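Residue numbers (the working numbering), protein chains in the order written: chain P, 463 to 988; chain D, 463 to 988. Note that beta-carbon positions come from the ideal geometry of N, C-alpha and C, so glycine has one too. Remember, it's a predicted structure, so these values are computed and weren't measured experimentally. Data first, discussion second: the structure below is written as structure tokens.
2 protein chains.
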Amino acid sequence: MDLQGSFHVYDTTLRDGAQQEGLNLSVQDKLAIARQLDELGVGYIEGGWPGANPRDTEFFRRAGTELDLRHARLAAFGATRRAGVPAADDPLVAALRDSGASVVTLVAKSHDRHVELALRTTLEENLAMVRDTVEHLRAGGQTVFLDAEHFFDGYRDNRSYALEVLRTAAEAGAEVVALCDTNGGMLPGWVSEVVHDVIDTTGVRVGIHCHNDTGCAVANTLAAVDAGASHVQGTINGYGERTGNADLVAVVANLELKLDRQVLPSGLLGEATRIAHAVAEVTNVPPASRQPYVGTSAFAHKAGLHASAIKVDPNLYQHLDPVAVGNDMRLLVSDMAGRASIELKGRQLGFDLTDEKELVTRVTQRVKEMEARGFTFEAADASFELLLVEEVEGARPSYFEIESWRVITETKPGDEAISEATVKLHAGGARIVVTGEGNGPVNALDHALREAIGQAYPEVAKFELIDYKVRILDQGHGTDAITRVLIETSDGASSWVTVGVGHNVIEASWGALVDGVTFGLRRHQV
Amino acid sequence: MDLQGSFHVYDTTLRDGAQQEGLNLSVQDKLAIARQLDELGVGYIEGGWPGANPRDTEFFRRAGTELDLRHARLAAFGATRRAGVPAADDPLVAALRDSGASVVTLVAKSHDRHVELALRTTLEENLAMVRDTVEHLRAGGQTVFLDAEHFFDGYRDNRSYALEVLRTAAEAGAEVVALCDTNGGMLPGWVSEVVHDVIDTTGVRVGIHCHNDTGCAVANTLAAVDAGASHVQGTINGYGERTGNADLVAVVANLELKLDRQVLPSGLLGEATRIAHAVAEVTNVPPASRQPYVGTSAFAHKAGLHASAIKVDPNLYQHLDPVAVGNDMRLLVSDMAGRASIELKGRQLGFDLTDEKELVTRVTQRVKEMEARGFTFEAADASFELLLVEEVEGARPSYFEIESWRVITETKPGDEAISEATVKLHAGGARIVVTGEGNGPVNALDHALREAIGQAYPEVAKFELIDYKVRILDQGHGTDAITRVLIETSDGASSWVTVGVGHNVIEASWGALVDGVTFGLRRHQV
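If you want it as structure tokens, here you go:
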């Protein structure tokens, strides 16, 4: 399929997405993300603004040799020439021309007040800047797209001027003019009206670029496509300034799976969940569990009410098969869950419990009883699996026996607090006593526990505690309350979550730590 | 304005929102959230399903005496009667009748396949269940709304049956029938078409209940309102199963600020940001910084390109004035606390800072610096007041001087963990050393601290730690992360909240404990 043909999926994660608060991408990061985007099959990857900052200049320099794109073309982003300077003499335009990118996306003012107040030039000169810059780049053989900044606000303020900017760009050779809702304040009905009018009046090829300030970025993008736009801009995971850009995966999934319009090479949408999470690893922004299509919760079901019907027909309770976007249905074992969800959950973990009525009853009862005490298994798959193994095999997997532990936290005047933990246990036929230090009591216990067990099981050295969450249950009872701790442990290749509960936050953490190491050992021994 | 009149803002945070993965609300939590929702001015608060689980039953029991709602009516959620049983004999229907709520929202099947496969009854019996249950509750004087579950999928599958369910409910006395996109797969155009058809064909009063699986929950809700729906359901922060429900604040802000349709009492939308964050404190789900309207990034601008133009006219770069939703424009990548809010907060605490430019600058800077380290003062008024007193009076109030502290937590085989704390301090001219025990390290420290200070200040005996919250900041860094602790202390007559921060959870707790006792002593000595 021709990704650069009648419909464009245009990604701007590396440029507009990078404007997100707290997001900071190195050249290496940008190259890694570009490879992921290409695997998703987008038609265009906007790499940044060469010439405007050294990092983006270097990105385009290295992209030429280090990126081997199968599907996408790389686009360089930049502005029209400065007022009063020929395009050929503007060094920023030269940087775009010499970037090595075969596509340039030029941002231009289309809102009269922005021309006058921000650009401080005349409306006529702004049109000349658009014309000259597009013509100059086209003459050098590059494809040019125009991003009409603040287009929707400009259209409201001075419709004829906003349209004139688009016409000028198209006449000068821009292939697409993308209408930008730069401030993000639009709603779908308005976008639809404006796009219809633009196409009817000017006949230009229209693209759409939305921000999520009204919570409608995806819907606004779809409204534009419905009205005739044939080029959609967005970012992976909806990264972007303020509330973010249109989430490109949600846009594409809606187009392909809801509106029967194929816009990526066949089969690649099935990689979306993996790719969205891989990009999140690079950006180091924790993925939103509730994210449409690709979130870890996007196809998770909690209510016990639903679980029995899901067994009959999963499609009664999901809007589509999660495999279409590479996601998975997950059943959460919660206090609302009944036998049916335990059975389904068991199947997911590789235990066929269909004919094990008694066992399922026993597990259901134990889960209910433990959840009443404050445990939760919906996020703690590893603790649930240990419980299931215990009931199926008759005993909990056991690799070590704890004798006792102790942790001390103390301060001296003027000093930071320090924690020191001592763990005594039996493993591999020996009694082991280890003292560990840490910047908190759980950190100290974790160090001591893993060092002690590591003496019998060296593979424990690979394990690392990567996330720690505390929740006080029964609020209103102060420190007498029940504490629930969730711990995520990684072995470098995968990670698992365990849960611990207790009146004592340290004891709750200890329970989760022990489960975490036990689960990891079972995985590595079996 | 009549919140129960021609347009309903209906919140289901406490019921459908609570279905979110990882969200687990105690009765105390639900009461606290209900109070916040009432301050936002919603017309209806759906409290849960009395009779279906003990927690929700207790919520409705306590709501009668403990909730003093100014704006909202409380709604009980539940299902139509079981097949083959008169409504009067169904104990779950009785629980709704006897819940004390003046409104009942009944969920009913409107999708023929769900009736047959999930409910396992006939289409006729399902209609009878709707009719009987509505009539039974109406006869007892309750207002009844109907949630037509899976309505949009049912409409596609068997339009006439789906419409028949609505007609039956309305004829039996339901005031509103809410069309539920239970699986969340709809797009705005489809919602619009269906709502138009439902209203044209049946003439019933239509409500809308959307989920965000396509990323269009807000837009779908607005499309329904545009087509004639006059009752919108949603949740604070978009909490809910899978990808969540429609974000009620975004829906309301779009209606009021974009579509000029006032749906909350005048001025209350300006509380939205504060309330959304306060609810997040209760749920302990970190607020999404990119959340439309109320996110901390929602009006944040990366300085540079935009900065000078923003000075000329801020409205060139924002879609509306953030004050309309109680949010702030932020120009730097630093934390909120502007001078204006410091001044305002000072005034609330009895300090007139209008002419204290230098002092306000100093406090603003200190707050910014401390917030960058993980502190938050939004919920911790007492810690903020201590900071303010320190700057106004030149020194922090001091009633005792800590020499050192230590806390040990340990287990012996087969025993529960116990904690023991030793605190050494100087107060009332004496050196005091006290050891206290507790069922956790913070509990033990609290006991030792208050016993030691009590030897010099007997009024401390009245103080009690009534709430303790831990939040791990910087998730993904395991136990090395920064920990923030919020502690609420009561003297029997009132209560106050203090904050502590540190790498070590015990040290963070200690900071909040010391602030809590100090604040209480100041209040009782002045």
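Within chain D, the residues placing a beta-carbon under 7 Å from that of Lys931 (chain P) are Ile934, ordered along the chain. At a cut-off of 8 Å between beta-carbon atoms, Arg575 (chain P) makes contact with chain D. Rounded to whole angstroms, the separation of the alpha carbons of Arg792 (chain P) and Glu611 (chain D) is 21 Å. Ala841 (chain P) and Glu950 (chain P) have their C-alpha atoms roughly 10 Å apart. Taking 8 Å as the cut-off, the beta carbon of Ala556 (chain P) is found no closer than this to the beta carbon of Leu608 (chain P). Contact check for Glu520 (chain P) against Leu476 (chain P) fails: the beta carbons are separated by 8 Å or more. Its Cα nearest to that of Gln780 (chain P), the residue D:Asn645 stands out among D:Tyr617, D:Gln490 and D:Asn645. Secondary structure at Thr745 (chain P): helix, using DSSP grouped into helix, strand and coil.
In the DSSP assignment, Ala889 (chain D) falls within the beta strand (DSSP E) that extends over Ile880 to Ala889.
Sequence-distant partners of Ala734 (chain P) (beyond 5 residues in either direction) whose C-beta falls short of 6 Å from its own C-beta, in its chain, are Val711, Val756, Val787 and Gly788. Contact check for Asp643 (chain P) and Asn682 (chain P): beta-carbon distance about 7 Å, within the 8 Å limit, so the pair qualifies. The residue from P:Thr595, P:Glu501, P:Asp552 and P:Asp551 with its alpha-carbon nearest to that of Thr567 (chain P) is P:Thr595. Contact of Val774 (chain P) with chain D is assigned, a C-beta pair being separated by under 8 Å. Residue-level contact by beta carbon fails for Gly696 (chain D) and chain P, as no gap is shorter than 8 Å. Counting every other CB atom within 10 Å of its CB across the protein chains shown gives Arg667 (chain D) a total of 16 or more, marking it as buried.
Within the segment 599 to 611 of chain D, no residue has its Cβ closer than 8 Å to any Cβ of chain P.
Annotated three-state conformation of Val756 (chain D) is coil, per DSSP. Sequence-ordered contacts of the segment 865 to 876 of chain P with chain D read Glu865, Ser866, Trp867, Arg868, Val869, Ile870, Thr871, Glu872, Thr873, Lys874 and Pro875 [C-beta pairs closer than 8 Å]. A contact is defined here as three or more CB-CB pairs under 8 Å, and the segment 660 to 676 of chain D fails this definition with respect to the segment 581 to 588 of chain D. The C-beta distance from Val963 (chain D) to Arg835 (chain D) rounds to 6 Å, short enough to fall under 8 Å.
For Val967 (chain D), the chain P residues whose C-beta falls within less than 8 Å of its own C-beta are Gly902, Pro903, Val904, Val932 and Val967, listed in chain order. Contact of Ala681 (chain D) with chain P by beta-carbon distance below 9 Å involves Leu649, Pro650, Thr676, Gly677, Cys678, Val680, Ala681, Asn682, Leu684 and Ala685.
In the structure shown, the three-state DSSP call for Ala802 (chain P) is helix.
The three-state secondary structure of Val569 (chain P), taken from DSSP, is strand. Glu703 (chain D) is positioned such that its CB atom lies closer than 8 Å to that of Gln481 (chain D). The straight-line gap separating the alpha-carbon atoms of Gly513 (chain P) and Thr745 (chain D) is approximately 46 Å.
Counting along the chain, no beta strand (DSSP E) covers Thr527 (chain D); the unbroken alpha helix (DSSP H) around it starts and ends at Pro516 to Glu528. DSSP, read as helix, strand or coil, puts Thr644 (chain D) in coil. Flagged as an interface residue toward chain D: Thr838 (chain P), by a C-beta distance shorter than 8 Å. Nearest to Gly510 (chain P) by alpha-carbon distance, out of P:Ala679, P:Val657 and P:Ala496, is P:Ala496. Interface residue (Cβ-Cβ distance to chain D less than 8 Å): His658 (chain P) is not classified as such.
In terms of CA proximity to Ala689 (chain D), D:Gly665 leads the group D:Asp877, D:Gly665 and D:Leu589.
With contacts defined as CB atoms closer than 8 Å, Thr838 (chain P) and Asn486 (chain D) qualify as a contacting pair. Within its own chain, the residues whose Cβ lies closer than 6 Å to the Cβ of Pro754 (chain P), once the five positions on either side in sequence are excluded, are Ala712, listed in chain order. Each residue's CA atom was taken as its position, placing Leu730 (chain D) and Asp814 (chain D) some 26 Å apart. Residues of chain P with a Cβ closer than 9 Å to the Cβ of Phe522 (chain D) do not exist, since the nearest Cβ in that chain sits about 18 Å away.
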